[in-house]
Amino acid sequence: MKLNERSLAFYATCDSPADSAGFLYKRGERHAAYHRRWFVLKGNMLFYFEERESREPVGVIVLEGCTVELCEAAEEFAFAIRFGGAKSRTYVLAAESHAAMEAWVKALSRASFDYMRLVVRELEQQLARAQWSSNAERAPERQPERVLEREPERAPEREPERMLEQEREQEREPERRAPRENGCAVWNIVPDTDPLPRSAVLRRASGCEAEAGPRPPPVPPRCRVSSGEPTGSAAEASAFSRLHERYGSEVARLRREWLERRQGQRP
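Residue numbers are given in this note's numbering: position 198 of the sequence shown equals residue 257, and the series is strictly consecutive.
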């Protein structure tokens, strides 16, 4: 950006608000004498006038790449504006009071764009940390709402699995209901009945067992407790003796029939 005396004079005297303004004592460049000047700080530019009512500035100091620090001088409350470089000029200024000196040093130190860039970067970092902490605090509150929203979507997916489990339970239900005795299924648990049909006994006696296939052994009937019936070991012994007599008489009768048929077949 190109600047000329007219544009600088207009910017120095326009109605835009100044960051700081007041009288300071400025030491001359060639002579060590101090002159009282009216200083106006706008942005990173420090204008100084001969008088407060002057229409044009005497000079301007661009506050970029400089440091503001206290210094020892003939005048009290003095401070210096130093620029980097071997041939750079150092401006020595003095305030009228200690409070005015501190205010001017603080204002001039914060006037450069480098300082403003650091401030903006720090504010951005603070804003990012504040947003992160705010999101972290709101996350536990929103978590239950997300769970409630997803539950209706997952319900249809689980319905076929639930129906399949019910069908499997129904298929296994007859197996569970089958009575068992000593770890084996019970075919006949009614007392005083023949546990093996007569036809099966005839097939086994006539040598047809291979065709009919193996048959499970009969299981003694389950004892039932009722009034007037023996209980415990006596009841079991009585049931076993009746079963033994029944099988013995049946086997004897079948043997007699077999012997009679065999004798009748002889010439």
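Built from N, CA and C at the ideal position, the CB exists for glycine as well. Every value quoted in this text rests on a predicted model; they were computed, and no experiment measured them.
{"query": "Where residue 122 falls, given that 16 or more other Cβ within 10 Å makes a residue buried", "result": "buried"}
{"query": "Chain-order list of residues whose beta-carbon lies under 7 Å from that of residue 143 (same chain, five-residue window excluded)", "result": "124"}
{"query": "Endpoints, alpha helix (DSSP H) assigned at residue 146", "result": "Per DSSP, residue 146 belongs to no alpha helix (DSSP H) and is neither H nor E."}
{"query": "Cβ neighbour criterion (16 or more within 10 Å) applied to residue 103", "result": "buried"}
{"query": "Ranges of the beta strand (DSSP E) found wholly within the region 64-150, counting only runs of at least 3", "result": "79-86, 93-101, 104-108, 118-121, 125-129 and 137-142"}
{"query": "For residue 109, the nearest candidate out of 81, 131 and 319 (CA to CA)", "result": "81"}
{"query": "Bridge partner(s) assigned by DSSP for residue 152", "result": "85 and 138"}
{"query": "Own chain residues within Cβ distance below 6 Å of residue 115, not counting five before or after", "result": "68"}
{"query": "Distance between residue 107 and residue 87 (C-alpha atoms, nearest Å)", "result": "13 Å"}
{"query": "Spatial distance of residue 95 from residue 171 (CA atoms)", "result": "24 Å"}
{"query": "Cβ contact (3+ pairs, closer than 8 Å) linking the region 125-137 and the region 149-159", "result": "yes"}
{"query": "Secondary structure of residue 320, DSSP reduced to three states", "result": "helix"}
{"query": "For residue 93 and residue 183, the rounded distance between their alpha carbons", "result": "43 Å"}
{"query": "Member of 101, 128, 131 and 222 whose CA lies at the smallest distance from the CA of residue 73", "result": "101"}
{"query": "Pair within 8 Å by beta-carbon distance, residue 166 and residue 78", "result": "yes"}
{"query": "Residue 179 to residue 190 span [Cα, whole Å]", "result": "16 Å"}
{"query": "Same chain, Cβ closer than 6 Å to residue 66, five either side skipped, listed in chain order", "result": "none"}
{"query": "Assigned exposure category for residue 146 - 16 Cβ within 10 Å defines buried", "result": "exposed"}
{"query": "Exposure of residue 160, with buried meaning 16 or more beta-carbon neighbours within 10 Å", "result": "buried"}
{"query": "Simplified DSSP assignment, three categories, for residue 169", "result": "coil"}
{"query": "Whole-Å CB distance - residue 128 paired with residue 148, under 8 Å assumed", "result": "15 Å between Cβ atoms; not a contact."}
{"query": "Assigned exposure category for residue 71 - 16 Cβ within 10 Å defines buried", "result": "buried"}
{"query": "Residue 163, buried or exposed, once every other Cβ within 10 Å from all chains shown has been counted against 16", "result": "buried"}
{"query": "Exposure of residue 318, with buried meaning 16 or more beta-carbon neighbours within 10 Å", "result": "exposed"}
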